[in-house]
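Visitor: Under the UniProt record's numbering, the first residue of the sequence shown carries the number 1, and numbering increases by one thereafter.
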Amino acid sequence: MQLQVKVKPDSNGFYKQTMKQAYPSQEQLDPEKNYKMDDKEKGLMFLFNMTKDRKGSDVDVRNIQHVFTEIGYEIETHSDLTAEDLQDKLETFAGYVRHHYMPSAVFVIMGNGSSTGIHCTDEP
Numbered sequence: 001m002q003l004q005v006k007v008k009p010d011s012n013g014f015y016k017q018t019m020k021q022a023y024p025s026q027e028q029l030d031p032e033k034n035y036k037m038d039d040k041e042k043g044l045m046f047l048f049n050m051t052k053d054r055k056g057s058d059v060d061v062r063n064i065q066h067v068f069t070e071i072g073y074e075i076e077t078h079s080d081l082t083a084e085d086l087q088d089k090l091e092t093f094a095g096y097v098r099h100h101y102m103p104s105a106v107f108v109i110m111g112n113g114s115s116t117g118i119h120c121t122d123e124p
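Right, dumping it as structure tokens:
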């Protein structure tokens with residue numbers, strides 16, 4: 001028996017009603033155990049999405065972009081790259097001088113893969 005739950009997005013295409021409110025623990029609030037994140041700019045995000053055989057992944061991208069923009073991240077988004085192009089984009093991102101004064105960096109890599117890595121446009 002396969003359980004299917006149909007979740008509908010709101011008028012903006014987001015799934016806010018299905019997400020439970022998160023409440024941090026006291027340990028998570030301890031400033032000695034956390035990055036300094038009280039600046040308006042929280043950091044940089046690298047978001048990569050392979051759309052092949054991943055229907056609906058564009059909705060995931062929009063939701064991730066929405067959440068991290070609201071938090072205060074600057075997002076660099078890429079889709080459907082070759083392995084070489086992805087490597088080049090990651091190296092460029094890693095070399096940004098802004099990383100020296102931003103509190104954090106987030107990497108989101110979405111796609112199909114195997115034990116050897118993610119499948120890019122130049123791979124089966």
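Note that CB positions come from ideal geometry on N, CA and C, so glycine has one too.
(1) Less than 8 Å separating the beta-carbons of K42 and S104?
(2) Could you name the residues of the same chain whose beta carbon sits closer than 8 Å to that of residue 144, not counting the 5 residues immediately before and after it, in chain order?
(3) Got a sec? Which residues, its chain only, sit under 7 Å from M1 by beta carbon, not counting five neighbours each side?
(4) Would you mind giving the Cβ-Cβ distance between M102 and S57, rounded to the nearest angstrom? I have them listed as a contact below 8 Å.
(5) If you check the beta carbons only, do G13 and V59 fall under 8 Å apart?
(6) Have a look at P9 and K55 and give me their C-alpha separation to the nearest angstrom.
(7) Can you check DSSP and say which residues form a bridge with S104?
(8) Using DSSP bridges, identify the partner residues of Y23.
(9) Do you know whose CA, among P31, G113 and M45, lies nearest A94's CA?
(10) Once DSSP output is grouped into helix, strand and coil, what is the label at G111?
(11) Distance check for R98 and T92, CA to CA, integer angstroms please.
(12) Between the C-alpha atoms of D30 and D38, what's the straight-line distance to the nearest angstrom?
(13) Does DSSP put F14 in a helix, a strand or coil?
Guide: Inspection of the coordinates gives the following:
(1) Closer than 8 Å, so yes.
(2) Because residue 144 is not part of the residues shown, which for the chain are 1 to 124, the question remains open.
(3) For M1, the predicted model reports a pLDDT of 48, less than 50, meaning its position is unreliable and no value from the coordinates is stated.
(4) Taking the Cβ atoms as the reference, M102 lies roughly 27 Å from S57, outside the contact range of under 8 Å.
(5) yes
(6) 15 Å
(7) G43
(8) Y23 pairs with nothing; no bridge assigned.
(9) M45
(10) coil
(11) Taking the straight line joining both Cα atoms gives about 12 Å.
(12) 13 Å
(13) coil
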